[in-house]
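**Q** Here it is, the structure in full.
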Ligand SMILES: Nc1ncnc2c1ncn2[C@@H]1O[C@H](COP(=O)(O)OP(=O)(O)OP(=O)(O)O)[C@@H](O)[C@H]1O
Ligand SMILES: [Mg+2]
């Protein structure tokens, strides 16, 4: 049969401009935002401040990688902040109160997180309880456990390893930033280049097609919830190292930042679409925003309003944009 | 009216997508009050032209003249208001809502809905159109595909448009449903309406249409009155080459038994179904819509549960079958509904093609995908099935309907199954491509593939199968060997009235 004729060059250029805007919209937004803060405050544009932003962002960005998977498979996880809190508390209790080897303590903490993820994932996949509900419940349970364990007080945590993880530097760059980089690279590789990643997209795009294609969809769902819970555990360990304590209410409200970063990064709430790189940009955008606003001494309540608007705007633009590209 | 008037005129319509010129300077006219058929190969641009007409796409060049008035760059809402209605190839009903709710969606007469009143009205309309078998209070998700299609058509017809566009309305209809459709079309024509009818079933096209337009590769080939065409000349215009016989000369290659199904029963769906499939055999399943063929096959593949009975593969009993297990055992399943469970529409053609086969392309550490192998496999399938798309990384939803169907086929053929269940595999596929697919099925069967073929086109079953099983009302009614089967008996058996 005839081969298909190719459009003129001009058309293709036009087309690519459209897709560039769609793909890089948040990236451009990030750069504009950085430009704006650089002009407004001379404290903003400096290497130490950038490292500071990277370190602050890393704690939520790590979880956002997991949230990307979760939202791609049409799920949601509201329990992330609570798991961060419990992970930190357990870390402190294991090391300070029980005198455990810190490495072993960390492994145990991640194992506990994984079990929480397993429970959530299994409930979603097999019992088919909507993830919104089960993770809302899990948020309460996990946070409650963290408070019970500590009777509501922070547990002191002073340990060289934990110190390095939470507040150390290597070659002038904060340790958490390395951890974040590793998770983003590995997490991105998994999603885009490995079988599991493809399955995640397929399950999110059309779970019935995925099942019919012989994919064990339940297993994919469970793995995804385990992954995000483990990322929460890692984030909790870092946070407790940074705070030098296990605080039962650490991580409160993280779910908002994490979901916002993921959505800003272009992951579709309809499922089946999203990239880890986009999420990184989204997380950085959130980080730059709060850092810049802080530097400019904006009232925290006003900050909330601004952040809300930014999320609204980003989602609004992406919806408009994707609708346009459908109609092209 | 003696003088011909044209309700619609296309002048030089041009529309391209990245990498494809979907419409290239298309000009022709449609007479008022006629049934105008539009035919062409998969990807010829039929649906695109209709989307331009309905205002869903904006053409890059040319103009549409509607009732003597230039209407280029219509918006969908304008098109509706001017009396143009389109029943798109992809159905647009809300599955969770009931039939009557769907019918009046967007045109509810009261703020507080009157359920009763609506359903009574819906029933009256449906009965009027010969669709009394559809209960207005049922959920649309529970209707068969054919019923959904008819419902959508009835909904559009009821809106009383001057121009009704139907994009492959008959591809999922049974022969009795097609009769209902044709009666509806004839009635609308009598009322002075104009209908644009797209179909790959050329016999139908020749039966119902007044004029026919052929498109090929986005270009207009010919528009002429129905009587100037025969099936052969239509095909020649469509593919621009001679085509051989539609069905391959069947050489039987029946080997040992590979699949045995015994007394399979699922309450309310099918009961006591037993059959065997041999290596290299093509076993057809005929019957009316709702006879339980799809449900039976879904159970065999582990997609749906069954209550009792046994499934044996190569002599070994299979318990707790699931799709992943079935796949591991060498079974593939080409399902009947592209959008429901055939494709992941928001992902690329490549990802869709390799989905059931990823394991073979990711044998290295922890399932890292070998992109070179994967790309080669997808390209080979594109070549083998002659699938038309510009870029394998583009979303599969941008492919034309028939090409999507080919992607589904290719994803299972790539797996090299031993048993392939095919539920209406040639739905929406053009005549040329159908022949290619028949040839492929035939050749694979010579290489010992066992095929379970469900089809509502008895021609297809008669041309291809070694044996044909007819189902009626959830049970196996009759089995015919190739030699003894004929169209009349198949139909009688499908109605449960065959007496030997
Ligand atoms: N939204 C889109 N984006 C990119 N390409 C598209 C889009 N819609 C259609 N195409 C391409 O335009 C060409 C014409 O498609 P169209 O759907 O009009 O074909 P068709 O004649 O209706 O075929 P079929 O009989 O298979 O339904 C195809 O090559 C298709 O891949
Ligand atoms: Mg089409």
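Residue numbers (this note's numbering), protein chains in the order written: chain A, 11 to 338; chain B, 16 to 515. Backbone N, C-alpha and C define an ideal beta-carbon position, used for all residues, glycine too.
Shorter than 8 Å from the beta carbon of residue 384/B to some beta carbon of chain A?
**A** Yes, contact with chain A.
**Q** Are any of the Cβ atoms in chain A nearer than 8 Å to that of residue 394/B?
**A** No - not a single Cβ of chain A is within 8 Å of the one on residue 394/B.
**Q** What residues come near ligand 1, if near means a beta carbon less than 5 Å from any of its heavy atoms?
**A** Ordered along the chain, the selected set is 32/B, 35/B, 37/B, 57/B, 58/B, 59/B, 60/B, 61/B, 62/B, 63/B, 413/B, 414/B, 415/B, 416/B, 417/B.
**Q** Under three-state DSSP, which class holds residue 136/A?
**A** DSSP places residue 136/A in helix when its eight states are reduced to three.
**Q** Please specify which runs of the alpha helix (DSSP H), each continuous and at least 4 residues long, are wholly inside the stretch 182-215 of chain A, giving them in chain order.
**A** Correct list: 185-203, 205-215.
**Q** Buried or exposed: where does residue 150/A fall if 16 or more other Cβ atoms within 10 Å of its Cβ makes it buried?
**A** Exposed, because fewer than 16 other Cβ atoms sit within 10 Å of the Cβ of residue 150/A.
**Q** Name the residue from 123/A, 289/A, 167/A, 186/A whose alpha carbon lies nearest to the alpha carbon of residue 62/A.
**A** Ranking the options by Cα distance to residue 62/A, first place goes to 186/A.
**Q** Would you say residue 225/A lies against chain B (beta-carbon separation less than 8 Å)?
**A** So yes, residue 225/A belongs to the interface.
**Q** Would you say the stretch 263-274 of chain A touches the stretch 47-55 of chain A, given that touching needs at least three Cβ pairs under 8 Å?
**A** Result no; under three Cβ-Cβ pairs closer than 8 Å.
**Q** For residue 204/A and chain B, any beta-carbon pair shorter than 8 Å?
**A** True, the Cβ-Cβ gap to chain B drops below 8 Å.
**Q** Just checking: is the beta-carbon of residue 216/A within a distance shorter than 8 Å of some beta-carbon in chain B?
**A** At least one chain B Cβ lies under 8 Å of residue 216/A.
**Q** Could you run through the stretch 155-184 of chain B and flag, in chain order, every residue whose CB is less than 7 Å away from some CB of chain A?
**A** Hits within the stretch: zero.
**Q** At 4 residues or longer, what runs of the alpha helix (DSSP H) sit wholly inside the stretch 397-432 of chain B?
**A** You should have 416-428.
**Q** Looking only at C-alpha atoms, which of 197/B, 222/B, 177/B, 212/B sits nearest to residue 206/B?
**A** Of the listed residues, the one whose Cα sits closest to residue 206/B is 177/B.
**Q** Would you kindly work out how many angstroms separate the C-alpha atoms of residue 118/B and residue 168/B, rounded to a whole number?
**A** Using only the alpha carbons, I get a separation of about 10 Å.
**Q** At the 8 Å Cβ level, is residue 211/A part of the contact set with chain B, yes or no?
**A** Yes, its Cβ sits closer than 8 Å to a Cβ of chain B.
**Q** In whole angstroms, what separates the C-alpha of residue 387/B from that of residue 310/B?
**A** Spanning the two alpha carbons is a distance of roughly 38 Å.
**Q** For residue 293/B, does the count of other Cβ atoms within 10 angstroms reach 16, so buried, or fall short, so exposed?
**A** Under this definition residue 293/B is a buried residue.
**Q** Smallest Cα separation from residue 399/B: which of 488/B, 455/B, 495/B?
**A** Minimum Cα distance to residue 399/B is reached at 455/B.
**Q** When the Cβ atoms of the stretch 17-28 of chain B are set against those of the stretch 76-93 of chain B, are three or more pairs found closer than 8 Å?
**A** Yes: at least three Cβ pairs fall under 8 Å.
**Q** Indicate whether residue 107/B and residue 415/B have their beta-carbon atoms separated by less than 8 Å.
**A** No.
**Q** Since residue 54/B and residue 249/B are thought to touch, with beta carbons under 8 Å apart, how far apart are those beta carbons, to the nearest angstrom?
**A** 6 Å between Cβ atoms; contact.
**Q** Could you check how far apart the C-beta atoms of residue 189/B and residue 145/B are, in whole angstroms? I think they sit under 8 Å.
**A** Incorrect: roughly 14 Å between the Cβ atoms, too far for contact.
**Q** Report whether the distance from the Cβ of residue 261/B to the nearest heavy atom of ligand 2 is below 7 Å.
**A** No, ligand 2 has no heavy atom inside 7 Å of this Cβ.
**Q** Could you tell me whether the Cβ atoms of residue 484/B and residue 344/B are closer together than 8 Å?
**A** Going by C-beta atoms, residue 484/B is not nearer than 8 Å to residue 344/B.
**Q** Taking only the alpha-carbon atoms, compute the straight-line gap between residue 218/B and residue 477/B and give it to the nearest angstrom.
**A** Rounded to whole angstroms, residue 218/B to residue 477/B spans 17 Å at the Cα level.
**Q** Can we count residue 2/B as close to ligand 2, meaning its CB is less than 7 Å from some heavy atom?
**A** One cannot answer for residue 2/B here, as it falls past the ends of chain B, which runs 16 to 515.
**Q** Is the distance from the Cβ of residue 254/A to the Cβ of residue 114/A below 8 Å?
**A** Their beta carbons are not under 8 Å apart, which means residue 254/A does not touch residue 114/A by this criterion.
**Q** Is residue 528/B near residue 427/B, with beta carbons less than 8 Å apart?
**A** The displayed coordinates of chain B run from 16 to 515. Any statement about residue 528/B would go beyond what the structure contains.
**Q** Using alpha carbons as the reference points, say which of 363/B, 375/B, 392/B, 438/B lies closest to residue 405/B.
**A** Ranking the options by Cα distance to residue 405/B, first place goes to 363/B.
**Q** Considering only residues of the stretch 59-112 of chain B, which uninterrupted beta strand (DSSP E) runs meet the minimum length of 3 residues and lie entirely inside it, listed in chain order?
**A** Within the stretch 59-112 of chain B, the complete beta strand (DSSP E) runs of at least 3 residues are 76-81, 99-102.
**Q** Which residue's Cα is closest to the Cα of residue 160/A: 96/A, 144/A, 218/A, 215/A?
**A** Among 96/A, 144/A, 218/A, 215/A, the Cα nearest to that of residue 160/A is on 96/A.
**Q** Using the beta-carbon of each residue, which ones in chain A are nearer than 7 Å to residue 381/B?
**A** Chain A residues near residue 381/B: 204.
**Q** Can you look up residue 493/B in the DSSP assignment and give me helix, strand or coil?
**A** It is a strand residue.
**Q** Within the 8 Å Cβ cut-off, does residue 336/B reach chain A?
**A** By this cut-off, residue 336/B is not an interface position.
**Q** Please identify the residue among 434/B, 471/B, 449/B whose C-alpha is closest to the C-alpha of residue 463/B.
**A** Among 434/B, 471/B, 449/B, the Cα nearest to that of residue 463/B belongs to 434/B.
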